[in-house]
Amino acid sequence: GQSLEQPSEVTAVEGAIVQINCTYQTSGFYGLSWYQQHDGGAPTFLSYNALDGLEETGRFSSFLSRSDSYGYLLLQELQMKDSASYFCAVRDANTGFQKLVFGTGTRLLVSP
Amino acid sequence: GAVVSQHPSWVICKSGTSVKIECRSLDFQATTMFWYRQFPKQSLMLMATSNEGSKATYEQGVEKDKFLINHASLTLSTLTVTSAHPEDSSFYICSAGGTTGELFFGEGSRLTVL
């Protein structure tokens, strides 16, 4: 099966940089995704890494190291609206390319 | 971009009644849909995978007779919570995948069973 571990909560101030880590154990690996979810809302896609290295999308970057079964989401120039839960997710290649298994989730609290 | 719509966005029902939640792909054909359940401050847990025109595949521990899933067309999947009880109160989210492999999530449906 799959398991993905994340820190439960991270706090930071506006304008800061924060890194959310994700370690995973999978029986097959087809990429690591990151999703943002505000309270009461649906998850929204942030990024996807299939290969090792850093992917940058505006203020958000995501990193993957397949040899370490590890990835992180880097959020720069934090804004209050970034307060949300962040989930890493892997695709379950054994049962379907599109089937996602989510990590435990990290709640980010951004303060003024 | 592609849109997945869920209805209702929230529902309150009495214990013992059944509730149906709809998930529609508005501008693409969804060959596969997934239903997730999320309890407060917890992660999304996959309940089942439904494929258009065939039976749903349920994850271990999910009662198929309690959570009925129907995916009768390429744009609609329904989740029916039968004989709902307070412990079924949760946030239910669907996601849909088209032929490109990308996943799109619905807005979620919050169920409260009294």
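So the sequences go chain by chain: L and X. Residue numbering for the first sequence follows my numbering, beginning at 7 and increasing consecutively. Residue numbering for the second sequence follows my numbering, beginning at 109 and increasing consecutively. Idealized CB from N, CA, C, for every residue including glycine. Since the structure is predicted, the reported quantities are computational estimates derived from the model, not experimental observations.
Legend entry - Per DSSP, the bridge partner or partners of X:GLN114: X:CYS131
Legend entry - Secondary structure of X:GLU195, DSSP reduced to three states: helix
Inset, instruction - Identify the continuous beta strand (DSSP E) that holds L:GLY77 and give its terminal residues. - result: 76-81
Legend entry - Opening and closing residue of the beta strand (DSSP E) in which X:HIS179 lies: 175-181
Inset, instruction - Report the residues of the region 158-188 of chain X with a CB closer than 7 Å to any CB of chain L, ordered along the chain. - result: none
Inset, instruction - Would you mind stating whether X:LEU176 and X:THR190 have Cβ atoms separated by less than 8 Å? - result: yes
Legend entry - Closer than 8 Å to chain L by CB, X:SER197: no
Legend entry - Spatial distance of X:GLN146 from L:LEU106 (CA atoms): 14 Å
Legend entry - Test: L:PRO125 CB closer than 8 Å to a CB of chain X: Any question about residue 125 of chain L goes unanswered here, given that chain L covers just 7 to 118.
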